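In order, the protein sequence lines correspond to chains A, B and C. Read in order, the letters of the first sequence correspond to residues 1 to 205 in the numbering used here. Read in order, the letters of the second sequence correspond to residues 1 to 205 in the numbering used here. Read in order, the letters of the third sequence correspond to residues 1 to 205 in the numbering used here.
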Amino acid sequence: MALYDLNVGEVITVLGTFSFAVSGAFAAMQKRLDVFGVLIIAFATSVGGGTLRDILIGDTPVFWLKNANYSLLILITGILAMIFWKKIKMLKITLFLFDSLGLGFFTVVGLQKGLAFDLSPGICVALGTVTGCFGGIVRDVLLNNIPLIFRKEIYATACIIGGLVYLLLRYLDLDEAIVKFTAVAVVFLIRIVAVKYQLSLPRIY
Amino acid sequence: MALYDLNVGEVITVLGTFSFAVSGAFAAMQKRLDVFGVLIIAFATSVGGGTLRDILIGDTPVFWLKNANYSLLILITGILAMIFWKKIKMLKITLFLFDSLGLGFFTVVGLQKGLAFDLSPGICVALGTVTGCFGGIVRDVLLNNIPLIFRKEIYATACIIGGLVYLLLRYLDLDEAIVKFTAVAVVFLIRIVAVKYQLSLPRIY
Amino acid sequence: MALYDLNVGEVITVLGTFSFAVSGAFAAMQKRLDVFGVLIIAFATSVGGGTLRDILIGDTPVFWLKNANYSLLILITGILAMIFWKKIKMLKITLFLFDSLGLGFFTVVGLQKGLAFDLSPGICVALGTVTGCFGGIVRDVLLNNIPLIFRKEIYATACIIGGLVYLLLRYLDLDEAIVKFTAVAVVFLIRIVAVKYQLSLPRIY
């Protein structure tokens with residue numbers, strides 16, 4: 001976190017950590033885990049993508065070992081999620097929205113770290129996609145759900161398109177915050193549209 | 001293993017490696033895996049937690065690549081477990097006891113490594129918990145069981161309490177061996193009491 | 001890839017990447033994943049073993065982050081696999097053959113990297129086995145299949161025997177290409193013979 005942009009990048013990371021913690025906590029409560037199980041799943045979902053990113057790049061100790069604030073943020077988010085659990089209607093939609101937001105934020109987080117490590121643009125898009133998707137995969141595998149990534153709607157494809165938009169806007173030399181939040185919005189909106197209109201990629205069989 | 005205390009720390013690591021190898025071998029035999037499958041599961045269970053710990057911290061090559069004795073210990077343990085398999089009564093209880101022992105030993109192993117790398121105390125407790133729990137999670141996922149960590153009784157919570165006891169006793173400047181074995185005993189006893197009296201954490205739903 | 005032999009070693013890596021990409025793509029099409037899902041599984045199967053090897057050793061960023069050609073090779077292989085999918089008869093056998101070839105290639109890839117990092121010979125065999133087996137485990141776990149490694153026929157054992165043959169031939173100072181391709185052939189042939197004659201290791205229960 002010291003090597004690259006602290007302001008916008010950090011805000012994106014915090015928002016992504018928060019979003020995935022909420023989605024993990026909600027998914028765990030749907031499966032009726034106990035209080036601690038909810039916090040573990042929130043933690044695993046939230047740090048999963050960034051942990052894989054840091055390990056693949058070799059930037060260790062991984063981010064949440066270096067900065068205890070992430071764990072604290074996830075703990076507080078998990079407790080708040082449990083408190084407000086019964087007051088939220090349309091849980092499925094809430095879970096879906098926070099999963100999609102986290103996907104967008106973490107795609108950008110992965111991309112910016114790849115660029116900070118001077119990896120080639122195509123590889124950065126791949127790294128952003130892996131960073132975005134992995135937290136949700138961990139959550140679904142631990143809860144014994146079929147990973148969202150393999151269900152019908154476009155998922156990883158949203159990360160790839162968002163990543164390409166990021167690279168394009170960055171090339172146009174726009175303001176950093178605009179570039180990053182636009183890329184997040186692209187990932188988020190593609191997910192919303194894909195699920196709403198049940199868009200899916202063709203199959204071969 | 002050269003960077004921090006060799007004596008007590010190494011004894012704890014060897015005992016944890018042995019305990020988890022036994023628990024992995026027994027769980028694999030319950031699932032009727034072949035001879036080699038039993039050895040693989042014993043290996044994965046035994047090195048899983050420490051491998052994740054080394055990867056997260058960035059202390060690579062990981063411990064079992066640097067020191068072949070761990071693989072040898074697991075091999076011998078696995079073979080002995082297969083030889084004595086039919087002579088042991090109450091297999092479920094034996095498996096549970098060795099899993100709980102391994103949990104205690106590896107929580108301490110993770111903690112002492114975190115402290116050796118100058119991580120903050122709260123993060124060290126998290127690292128100890130991850131180190132303690134991960135081997136059992138790998139074992140259960142590979143064998144297609146529901147991870148013990150998500151069943152009703154207190155599991156990761158035992159690691160956290162044991163980790164806090166470790167930090168407290170260490171702060172009191174007691175003898176190293178007393179501090180470490182007390183922490184192991186705390187994790188072990190919490191597991192025993194939790195399962196015996198079916199203690200569990202509350203759920204939110 | 002710069003630290004050790006570029007010629008034979010690189011050819012082996014490319015062939016292994018190709019073989020596992022084919023096996024991953026075919027397994028994904030059998031499960032009726034969409035176009036993108038097929039490419040993801042091909043990617044995960046293909047880079048899985050080498051990624052774990054690089055992470056365990058600490059040679060990061062991992063190989064496919066440093067060299068975009070691997071991702072390109074997997075992309076093209078995946079697309080070709082989808083195009084020729086319907087024209088191939090005996091899909092199960094084709095999948096099995098490419099899985100066995102990939103197993104052989106990656107066992108050698110893991111071994112040569114372990115030797116390049118001066119690990120002890122026994123540890124190199126273990127690293128080769130892990131590198132060879134992990135891609136297939138990832139593929140099977142993501143597709144919710146029982147990992148091939150735990151089914152009846154000899155699997156990881158083939159890697160270990162191939163690894164020992166590699167070390168033996170290398171000790172005899174034969175030509176590098178002969179040593180490596182012989183080891184690949186040994187792994188491949190043990191798999192073929194084991195499945196054809198349904199050889200399996202004994203069980204303890």
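Note that CB positions come from ideal geometry on N, CA and C, so glycine has one too. Predicted, not measured: the structure shown is a model, and the values here were computed from it.
Residue i, DSSP secondary structure in three states
i: D34 of chain C; result: strand
i: D118 of chain C; result: coil
i: D54 of chain A; result: helix
i: N144 of chain B; result: coil
i: I88 of chain C; result: coil
i: N67 of chain B; result: coil
i: Y166 of chain B; result: helix
i: D99 of chain C; result: helix
i: Q112 of chain B; result: helix
i: I154 of chain A; result: coil
i: Y197 of chain B; result: coil
i: L127 of chain B; result: helix
i: V187 of chain A; result: helix
i: I192 of chain B; result: helix
i: V62 of chain C; result: coil
i: L72 of chain B; result: helix
i: L80 of chain A; result: helix
i: L15 of chain A; result: helix
i: L174 of chain B; result: coil
i: M1 of chain B; result: At M1 of chain B, the pLDDT of 43 sits below 50, so the modelled position is not reliable; the number obtained from the coordinates is stated separately. Three-state result, M1 of chain B: coil.
Chain-order list of residues whose beta-carbon lies under 6 Å from that of residue i (same chain, five-residue window excluded)
i: G162 of chain C; result: T107, A183, V186, V187
i: I57 of chain B; result: F117
i: Q198 of chain B; result: none
i: F47 of chain A; result: For the record, residue 47 of chain A in the displayed sequence is Val; it is not Phe. If we look at V47 of chain A and ignore the five residues flanking it on each side, its Cβ neighbours are W64.
i: L174 of chain B; result: none
i: L225 of chain A; result: Because chain A spans 1 through 205 in this model, residue 225 of chain A falls outside it and cannot be assessed.
i: F20 of chain C; result: T45, S46, G102, G135
Residues of its chain near residue i, where Cβ-Cβ distance is below 7 Å and the 5 sequence neighbours each way are ignored
i: G16 of chain C; result: G102, F105, F106, V109
i: D54 of chain C; result: T60, V62, F63
i: V179 of chain A; result: Y166, L169, R170
i: C159 of chain C; result: L103, T107, G128, T129, G132, C133, V187
i: L75 of chain A; result: L39
i: F18 of chain C; result: L73, T77
i: L95 of chain C; result: S23, F26, A27
i: I88 of chain A; result: T94
i: S120 of chain B; result: none
Under 8 Å from the C-beta of residue i: neighbouring residues of chain D
i: S120 of chain B; result: The structure shown contains no chain D; the protein chains it does contain are A, B and C.
Sub-8 Å separation of residue i and residue j beta-carbons
i: R139 of chain C; j: T45 of chain C; result: yes
i: A156 of chain A; j: F26 of chain C; result: no
i: L52 of chain B; j: V130 of chain B; result: yes
i: V195 of chain B; j: F98 of chain B; result: no
i: R191 of chain A; j: S100 of chain A; result: yes
i: G49 of chain B; j: G114 of chain B; result: no
i: I79 of chain C; j: L143 of chain C; result: no
Own chain partners of residue i with C-beta closer than 8 Å, once the 5 adjacent residues on each side are dropped
i: M1 of chain C; result: In this predicted model, M1 of chain C has a pLDDT of only 43, less than 50, meaning its place in the structure is not dependable; the value taken from the coordinates is given anyway. Excluding sequence neighbours, M1 of chain C sits near G9, E10, T13, F63, K66, N67.
i: M82 of chain C; result: A25, M29, V35, V38
i: G122 of chain A; result: none
i: S71 of chain B; result: F43, W64
i: L164 of chain B; result: V125
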